[in-house]
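A.B. asks: Be aware that the sequence shown starts at 63, since it is given in the working numbering, and climbs by one per residue. Glycine included, each C-beta is placed from N, C-alpha and C at the ideal position. Only a predicted model underlies this, so the values are computations on that prediction, with no experimental measurement involved. My questions will all concern the structure given below.
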Amino acid sequence: MDGATDLAFGVLFLAVGVIAYFVFASFAFGAGYQPTPRRSVEAMLRLAEVGPRDTLYDLGAGTGAIVFRAARVYRARVVGVEVEPIRIAILRLRRSGSPFADRITLRWGNFFDLDFRAATVVTAFLWPGAMARLRPKLEAELPPGARVVSHCHPIVGWTPQVYDPETDVYLYRRPGPAEVTSGGR
Ligand SMILES: C[S@@+](CC[C@H](N)C(=O)[O-])C[C@H]1O[C@@H](n2cnc3c(N)ncnc32)[C@H](O)[C@@H]1O
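Right, dumping it as structure tokens:
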């Protein structure tokens, strides 16, 4: 192999390593990276009837597929929590250019360390194991009437109010009257 081939292999190796890190490193915390498809984002926000009076927590905010749409189109207050540092940097960059920045709070960290009591809506696209670990926390901390919408994986032991097979979205509602109603868009 000559020097140019060595360099090409080195660059390829590095690129594969960076992509693998970006997609898979956060698996240990609850999920790798895959943006929620646009149709599913729309279904999640619509089924949960997200509106200006909501505070939506996106658990594992990725690069913001849910965060920015919920703030821009549905006018919710949004808290995006993300553990992976490159993605939180991308989220902060996107927020700095957003006219709805004042509605968006970003937290770099593990959502299992966060208090969910202020959330009226929770969105998640996570690994089944993370959904199972989240369940007791959601039961203990979410206010009555709060909605939980999950893409791809159900919360085992809860009965969904709605399941949309087209977009693979589950809607759950915590028992009891809602303290905050969304009031529509
Ligand atoms: C499948 S992606 C979903 C991204 C985003 N919600 C979206 O709709 O595009 C899951 C994200 O959750 C993040 N994540 C996984 N476990 C986490 C944890 N315990 N705390 C914070 N973020 C976590 C990952 O880094 C990844 O960005």
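#1: Using 10 angstroms around the beta-carbon of Ser244, count the other beta-carbons present and answer buried if the total reaches 16, otherwise exposed.
#2: Quick one: Cα of Glu144 to Cα of Phe173, how far?
#3: Would you mind giving the Cβ-Cβ distance between Arg149 and Tyr95, rounded to the nearest angstrom? I have them listed as a contact below 8 angstroms.
#4: Leaving out five residues on either side along the sequence, give the residues of the same chain with a beta carbon under 7 angstroms from the beta carbon of Arg157.
#5: Give the DSSP-derived three-state secondary structure of Leu44 in the structure shown.
#6: When the Cα atoms are used, what is the spatial distance from Leu76 to Arg179?
#7: Might you give, ordered along the chain, the residues of its own chain that have their beta carbon closer than 6 angstroms to the beta carbon of Met106, omitting 5 neighbours on each side?
#8: Around the Cβ of Ala90, are there at least 16 other Cβ atoms within 10 angstroms (buried) or fewer (exposed)?
#9: By DSSP, does Ser160 sit in helix, in strand, or in coil?
#10: Compute the Euclidean distance between the alpha carbons of Gly122 and Ala93, then round it to the nearest angstrom.
#11: Does DSSP classify Thr67 as helix, strand or coil?
C.D. replies: The structure says:
#1: A caution first: Ser244 carries a pLDDT of 47, below 50, which makes its placement in the model too unreliable to give a value.
#2: 7 angstroms
#3: 7 angstroms
#4: Ala163, Ile166 and Leu168
#5: With the chain represented from 63 up to 247, any question about residue 44 goes unanswered, as that position is not in the structure.
#6: 42 angstroms
#7: Thr185, Val211 and Val231
#8: exposed
#9: coil
#10: 8 angstroms
#11: helix
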